[in-house]
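Numbering (this note's numbering), first residue to last: -9 to 72.
All remarks here apply to the structure that follows.
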Amino acid sequence: MKMIARPATPDAEALPEYRLSPAAPRAVEVTKRDGTRYAVVLNAAGVPVYCTCLGFHFRGRCRHAAMVADALEHHDISVDLS
Ligand SMILES: [Zn+2]
C-alpha cells in the first residue's frame, strides 16, 4: 500500500494574516494576506451580522465576523454606526 503524505493544511495556529479597515458606515473590510477581501456588515449596535465570504453564506458565521467583533470589543478599530 502506498502512503500518500497529506498536504499541509492551514490550521488555527497558522492563521493567515488579516488586515481590518473600516469601510462604509457599519462595514469593515477584511483583507487577507493573499489579497482576498471580504466585507463584514454590522448592525446599528455594532454587531457583525453579515460577511461576504462563502463560510458565512453556508454557516451563518465565520472567522471574519468573529475577528471584527473581537477588534471592536477591544477598540482596535472604530466604525461609524450612524
Ligand atoms: Zn467571512
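We put the beta carbon where it would ideally sit given N, CA and C, even for glycine.
Predicted model only: the values in this text are computed from it and were never measured.
| Query | Result |
| --- | --- |
| Helix, strand or coil for V37? Go by DSSP, reduced to three states. | coil |
| Specify the secondary structure class of A29 as computed by DSSP and reduced to three states. | strand |
| Taking the alpha-carbon positions, what's the R53 to Y40 distance? | 12 angstroms |
| Contact criterion: CB-CB distance below 8 angstroms. Does G25 meet it with respect to chain B? | Looking at the structure shown, chain B is missing, and only one protein chain is on hand. |
| What's the call for E14, buried or exposed, on a 16-neighbour Cβ count within 10 Å? | What sits at residue 14 in the sequence shown is Ala, not Glu. Exposed, because fewer than 16 other Cβ atoms sit within 10 Å of the Cβ of A14. |
| Count the other C-beta atoms from every protein chain shown that fall within 10 angstroms of the C-beta of A55, then say buried if there are 16 or more, exposed otherwise. | buried |
| What would DSSP say about R9, mapped onto helix, strand or coil? | strand |
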